[in-house]
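Worksheet for the structure shown next.
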Amino acid sequence: MGFWGYYVVGHGERPLAELGGLGGVRDGLALHESRAEGWQIWEASVPDVGSMDRLAADSGAPALFGFVMDSACVAVEAAGPESGAWNACLAPDAMAAFLAAEGKEPDDLFLPPRDAAERAVAWAEEAGRAPASAEDLAKVLRAPAEPSAELLFFRFLERLGLPRQ
């Protein structure tokens, strides 16, 4: 059985766990990693991490949630104070297998990879980052989660211009 849980990505001088957008899950959050220029990645194994829109508003910067499902795929939800909200999935073939049980497909819930990649570029630019091209981001969005969805998620973050320190 793989990892089930959230990664919360945001920017700020204060720990993201202190911001209201993460609701009452402060006790369920742990700092996973700090990245350059104040970017933070938190991990939560709770069923709900709060409001990503509110986190973006509270921090004054774009924010992103990644819900990892059994290390097989990731539901991505993101928002920027200016660019608005968007969603995507990483490893759509694996996501399709999860959604089939509910009679749904990834296209029912998520933007197509090309559209999501364009929104991701706008998100990264609003965040002051230098993202990869929309084509490169779309390739990551379509890629299988090999060896894991977690590693695919971190590859996606790097393409958004949030490299490891």
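Here the sequence shown stands for residues 63 to 227, numbered as in this note's numbering.
Glycine included, each C-beta is placed from N, C-alpha and C at the ideal position.
* Asked: Using the C-alpha atoms, what's the distance from Glu99 back to Ser107?
  -> Within the sequence shown, the letter at position 45 stands for residue 107. Within the sequence shown, the letter at position 37 stands for residue 99. Each residue's Cα considered, the two are about 26 Å apart.
* At least 3 beta-carbon pairs within less than 8 Å: the stretch 91-105 vs the stretch 172-183 -> no
* Backbone CA spacing between Pro143 and Met114 [nearest angstrom] -> Start at 1 with the first residue of the sequence shown, and residue 143 comes out as number 81. Start at 1 with the first residue of the sequence shown, and residue 114 comes out as number 52. Distance between the alpha carbons of Pro143 and Met114: 11 Å.
* Inter-residue spacing [alpha-carbon to alpha-carbon] between Gly128 and Glu220 -> Here residue 128 corresponds to residue number 66 of the sequence shown, with the count starting at 1. Here residue 220 corresponds to residue number 158 of the sequence shown, with the count starting at 1. Spanning the two alpha carbons is a distance of roughly 14 Å.
* Inspect the beta-carbon positions of Leu214 and Ala205 and report whether they are closer than 8 Å. => Walking along the sequence shown from the start, residue 214 turns up at place 152. Walking along the sequence shown from the start, residue 205 turns up at place 143. Their beta carbons are under 8 Å apart, which means Leu214 touches Ala205 by this criterion.
* To do: Could you tell me which residues DSSP puts in a beta bridge with Phe25?
  => Residue 25 is absent from the model: the chain starts at 63 and stops at 227.
* Asked: Any idea if Met63 is buried or exposed, counting beta-carbon neighbours within 10 angstroms, 16 or more meaning buried?
  -> Counting from 1 along the sequence shown, the entry for residue 63 is found at position 1. Exposed: under 16 other Cβ atoms inside 10 Å.
* **Coarse secondary structure for Glu95, derived from DSSP in three states** => Mapped onto the sequence shown, residue 95 falls at position 33. Three-state DSSP puts Glu95 in a strand.
* To do: Return helix, strand or coil for Leu173, following the three-state DSSP convention.
  => For the purposes of this step, residue 173 is identified with residue 111 of the sequence shown, where counting begins at 1. It is coil, neither helix nor strand.
* Below 8 Å between beta carbons: does that hold for Ala207 and Ala162? -> Residue 207 sits at position 145 when you count from the first residue of the sequence shown. Residue 162 sits at position 100 when you count from the first residue of the sequence shown. Cβ distance not < 8 Å, so Ala207 and Ala162 don't count as in contact.
* **Secondary structure of Gly82, DSSP reduced to three states** => For the purposes of this step, residue 82 is taken as residue 20 along the sequence shown, with counting starting at 1. In this structure, Gly82 counts as helix in the three-state DSSP scheme.
* Asked: Is the beta carbon of Ser121 sitting closer than 8 Å to the one on Ala184?
  -> Numbered from its first residue, the sequence shown carries residue 121 at position 59. Numbered from its first residue, the sequence shown carries residue 184 at position 122. No, Cβ-Cβ distance for Ser121 and Ala184 is not below 8 Å.
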